[in-house]
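Here is the structure we will look at, set down as structure tokens.
Protein chains: 2
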Amino acid sequence: MSGDAGTAGNSGYGRKPFKRSKSHFADRITADGRDGWPVESGRYRLVVSRACPWASRALVSRRLLGLEDALSLAVADPIQDDRSWRFTLDPDGHDPVLGIRYLGEAYDRRETGYPGGVSVPAIVDVPTGALVTNDYQRITLDLATEWTALHRPGAPDLYPEARRDEIDEVMAGVYEDVNNGVYRAGFATGQEEYEAACAGVFRRLEELAPRLERQRYLVGGTLTEADIRLFTTLVRFDAVYHGHFKCNRWKLAEHPVLWAYVRDLFQTPGFGDTVDFDHIKRHYHQVHTGINPTAIVPLGPDLAGWLTPHHREELGGRPFGDGTPPGPVRADEEVPASGRP
Amino acid sequence: MSGDAGTAGNSGYGRKPFKRSKSHFADRITADGRDGWPVESGRYRLVVSRACPWASRALVSRRLLGLEDALSLAVADPIQDDRSWRFTLDPDGHDPVLGIRYLGEAYDRRETGYPGGVSVPAIVDVPTGALVTNDYQRITLDLATEWTALHRPGAPDLYPEARRDEIDEVMAGVYEDVNNGVYRAGFATGQEEYEAACAGVFRRLEELAPRLERQRYLVGGTLTEADIRLFTTLVRFDAVYHGHFKCNRWKLAEHPVLWAYVRDLFQTPGFGDTVDFDHIKRHYHQVHTGINPTAIVPLGPDLAGWLTPHHREELGGRPFGDGTPPGPVRADEEVPASGRP
Chain Z
882 MSGDAGTAGN
892 SGYGRKPFKR
902 SKSHFADRIT
912 ADGRDGWPVE
922 SGRYRLVVSR
932 ACPWASRALV
942 SRRLLGLEDA
952 LSLAVADPIQ
962 DDRSWRFTLD
972 PDGHDPVLGI
982 RYLGEAYDRR
992 ETGYPGGVSV
1002 PAIVDVPTGA
1012 LVTNDYQRIT
1022 LDLATEWTAL
1032 HRPGAPDLYP
1042 EARRDEIDEV
1052 MAGVYEDVNN
1062 GVYRAGFATG
1072 QEEYEAACAG
1082 VFRRLEELAP
1092 RLERQRYLVG
1102 GTLTEADIRL
1112 FTTLVRFDAV
1122 YHGHFKCNRW
1132 KLAEHPVLWA
1142 YVRDLFQTPG
1152 FGDTVDFDHI
1162 KRHYHQVHTG
1172 INPTAIVPLG
1182 PDLAGWLTPH
1192 HREELGGRPF
1202 GDGTPPGPVR
1212 ADEEVPASGR
1222 P
Chain S
882 MSGDAGTAGN
892 SGYGRKPFKR
902 SKSHFADRIT
912 ADGRDGWPVE
922 SGRYRLVVSR
932 ACPWASRALV
942 SRRLLGLEDA
952 LSLAVADPIQ
962 DDRSWRFTLD
972 PDGHDPVLGI
982 RYLGEAYDRR
992 ETGYPGGVSV
1002 PAIVDVPTGA
1012 LVTNDYQRIT
1022 LDLATEWTAL
1032 HRPGAPDLYP
1042 EARRDEIDEV
1052 MAGVYEDVNN
1062 GVYRAGFATG
1072 QEEYEAACAG
1082 VFRRLEELAP
1092 RLERQRYLVG
1102 GTLTEADIRL
1112 FTTLVRFDAV
1122 YHGHFKCNRW
1132 KLAEHPVLWA
1142 YVRDLFQTPG
1152 FGDTVDFDHI
1162 KRHYHQVHTG
1172 INPTAIVPLG
1182 PDLAGWLTPH
1192 HREELGGRPF
1202 GDGTPPGPVR
1212 ADEEVPASGR
1222 P
């Protein structure tokens, strides 16, 4: 998770209104390497938690763009300890490529004694083991626009130049009210602060719904970065934000338009195949003991609905534009049955 | 609330599995007065919280049977303090009939230094100010069968002799798995204990659903005590048990049969007109700080659906048997707009 709230474990919230930290390490990996980090196949490692919506954006982009072979993947344990994200899912508790136990070690190699939180997504330079960037707002845009030489044949254009103003505008509202709004609701320490955030979540969703009733995707008839960013929040909505973060005016499953929209994405190769509901549910409920002191993980919701027909094809559109869907998930990156509907 | 868990405020749960206390004061008010408490108009006062499902059974029965004039009503503040249920909603913070600030004072007049919890529903003898009974399992049965001389003309038979075996059997399962099951889920301190309780809630509801798909009420075609007892849990389901108690496999609003059944009851005079969603939501979320440390009360769920058509009339049945529906709510007992859909 990006920001202090996502990384601070039990103390995930304090007395002050929740404020998401800006990423500290904002170097960019670019085609021209102007920050010292040129796009290069096999050089970098993407570190994520499948629990985290910010990191999951990168998981989706990497799949859609076919960057699996160029940019390797480390998946952290959904349960942080007091040293934050760790590789306890890997043999011996070490990431097999970076050889470290904690993501924080890559931060240390970049800047000794950095006092901020350790967050995902993070991209690490494999040769030096040092963090390059944890800039969750930038990473996926650069995967879409700077890593093009390494894209698979048929990769979609997720951030088309002609639509960037509209994409940026939609994403800005979605970020403020939805992506981050659910956190402001969940980590609120007072009733007013909570109510403002929760009302904002539903106001924005209700504002987006008529658009999504008319067209298959947020910006026109093809998938863009805007859909990825809304998806990673919506896919968590009923499982954690509805109950754990008290965003409970309605479940997504009760909203015909948004529920069909998110199922359509979920069933599109590159989206649902990155989602691990087990990681999602255990992370939020077991880490945020400030709002769930028993750390009990709810049995619900019933996930069977995710695979039901959505009929969004009737709206037309071309999901991948002039491109094609990504192929199957690599065997070593498949989400285990415990995390799937 | 009955039992320690419902009355102990912050310490609503401990390390041991949740166990509901038996009522300590189990004298019965009967037609023949064999326990020393004869049925008598105007002599007793029913003390409830509109938040509490156990007390709300008595609210519904009293309305259906037309006992409003015979048995007066005190409504406690939904938020207990360290001395438990209190009359802070009344002018000057005193119950106008009993003249006491805390329900516990009526317990004291009955038994000095009683160490157990103070619970609702409670029936108090007005002349002496002493508690007669807090036996939540018995009170409504006696209203139905012992208070008959004071019933309104057209009062239904809520506990008909010929169907008692079936009613008792249905109620026993509903009590164990649903009425009390949601509490065992919500107050569980361990994952296994929670999962067993939560699974039991949904197993029982799914077992009841086919019955309610075929017939309008739980036991045959007329309202009985069994419906009252299921109603007072179901009406709280989406508002508190789904999120706060983690009974979140699905919302009632997602289950066509049960959602229609509970809306039918809600829209029947004597049921929904006793329900105060504001009291319900504030009580659970503000009192149980052991499971909701911020005491924030969720904005949802949207209550508009409660008043939508349910089409259960098509199943036939005669809600009140040979009787009639109760008349309108007394003006001084109307639920304020803040608590209504």
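As they're listed, the protein sequences go chains Z and S.
In terms of the numbering used here, the first sequence opens at residue 882 and continues consecutively.
In terms of the numbering used here, the second sequence opens at residue 882 and continues consecutively.
Heads up, the beta-carbon is just placed ideally off N, CA and C, and yes, glycines get one too.
Let's see if you can read the secondary structure: which residues bound the beta strand (DSSP E) around residue i?
i          : result
Ile1161(Z) : No beta strand (DSSP E) holds Ile1161(Z); the alpha helix (DSSP H) holding it covers Phe1158 to Val1168.
Under 6 Å from any heavy atom of the ligand FMN, does the C-beta of residue i make it?
i          : result
Ala1043(S) : With respect to the ligand FMN, the structure shown offers nothing to examine, as it has no ligands at all.
Using the DSSP secondary-structure output, state which residues sit across from residue i in a beta bridge.
i          : result
Pro919(Z)  : Thr911(Z)
Asp963(Z)  : None, per the DSSP bridge assignment.
Arg926(S)  : Ser953(S) and Val1005(S)
Ala1011(Z) : Asp1006(Z)
Tyr983(S)  : Arg967(S)
Report yes or no: is there a C-beta of chain B within less than 7 Å of the C-beta of residue i?
i          : result
Arg1130(S) : The chain inventory of the structure shown lacks chain B, comprising the protein chains Z and S.
Using a Cβ-Cβ cut-off of 7 Å (strictly less than) and excluding sequence neighbours within five positions of residue i, which residues of its own chain qualify?
i          : result
Gly1124(Z) : Pro1179
Leu1184(S) : Phe1158 and Pro1222
Val1143(S) : Phe1112, Leu1115, Val1116 and Leu1133
Phe1152(S) : Val941, Phe1112 and Leu1146
Asn891(S)  : Because the pLDDT of Asn891(S) is 34, which lies under 50, any placement of that residue in the model is unreliable, and the question is left without a value.
For my contact list, residue i and residue j are in at a C-beta cut-off of 8 Å; report their separation, rounded to the angstrom.
i          : j          : result
Phe1083(S) : Arg1130(S) : 5 Å
Val1059(S) : Leu1099(S) : Their Cβ separation, rounded to whole angstroms, is 11 Å, which puts Val1059(S) and Leu1099(S) out of contact at 8 Å.
Tyr1040(S) : Ala1025(S) : 4 Å
Val999(S)  : Gly985(S)  : 5 Å
Thr1105(Z) : Arg1163(Z) : Not confirmed; about 31 Å, so no contact.
Gly1204(S) : Pro1037(S) : 4 Å
Val1007(Z) : Val978(Z)  : 6 Å
Leu1242(S) : Gln1096(S) : Here chain S covers residues 882 to 1222 and nothing more, so residue 1242(S) does not appear.
Arg1092(Z) : Ala1141(Z) : 13 Å between Cβ atoms; not a contact.
Ser937(S)  : Thr1149(S) : Between Thr1149(S) and Ser937(S) the Cβ distance is about 14 Å, and since that is not below 8 Å, they are no contact.
Glu1027(Z) : Thr1103(Z) : Rounded, the Cβ-Cβ distance is 20 Å, inconsistent with contact.
Asp1023(S) : Arg943(S)  : No, Asp1023(S) and Arg943(S) are not in contact; Cβ-Cβ is about 12 Å, not under 8 Å.
Phe899(S)  : Tyr1064(S) : 6 Å
Ile1020(S) : Ala939(S)  : 5 Å
Gly994(S)  : Arg982(S)  : Not really, about 18 Å apart at Cβ, beyond 8 Å.
His1274(Z) : Ile1177(Z) : The first residue shown for chain Z is 882 and the last is 1222, placing residue 1274(Z) beyond what the model contains.
Grab me the residues of residue i's own chain with a C-beta within less than 6 Å of its C-beta, minus the 5 sequence neighbours each way, in chain order.
i          : result
Tyr894(Z)  : At Tyr894(Z) the pLDDT is 37, less than 50, meaning the model places this residue with poor confidence; the figure from the coordinates comes in the next sentence. Hits under 6 Å: Phe1068 and Gly1171.
Asn1015(Z) : Ser904, Phe906, Ser1000 and Ala1003
Gly884(S)  : Caution is warranted here: a pLDDT of 40 is assigned to Gly884(S), below 50, making its placement in the model unreliable, and the coordinate value is therefore given only provisionally. Correct list, in chain order: Arg901 and Ser902.
Asp1213(Z) : none
Starting from the C-beta of residue i, find all residues in its chain whose C-beta is less than 8 Å away, skip the five residues before and the five after it, and write them out in chain order.
i          : result
His1160(Z) : Ser930, Arg931, Ala932, Pro959 and Gly1220
Lys1127(Z) : Ala1066, Gly1067, Tyr1075 and Cys1079
Ala1090(Z) : His1136, Val1138 and Leu1139
Ala1218(Z) : none
Gly980(Z)  : Gly1010
For residue i, report the span of its alpha helix (DSSP H) as first-last.
i          : result
Thr993(S)  : It is not in any alpha helix (DSSP H) - Thr993(S) carries neither H nor E in the DSSP assignment.
Val1138(S) : Pro1137 to Phe1147
Val1051(S) : Arg1045 to Val1055
Leu1104(S) : Neither: Leu1104(S) is in no alpha helix (DSSP H) and is coded neither H nor E.
Ser937(S)  : Pro934 to Leu946
Thr1021(S) : Ile1020 to Thr1026
Val1063(Z) : Gly1062 to Gly1067
Glu1088(Z) : Gln1072 to Arg1095
### Message
Three or more C-beta pairs under 8 Å: does that hold for the region 1096 to 1116 of chain S against the region 1198 to 1216 of chain Z?
### Response
no
### Task
Please confirm if the region 916 to 928 of chain Z is in contact with the region 940 to 958 of chain Z, defined as three or more CB-CB distances below 8 Å between the two stretches.
yes
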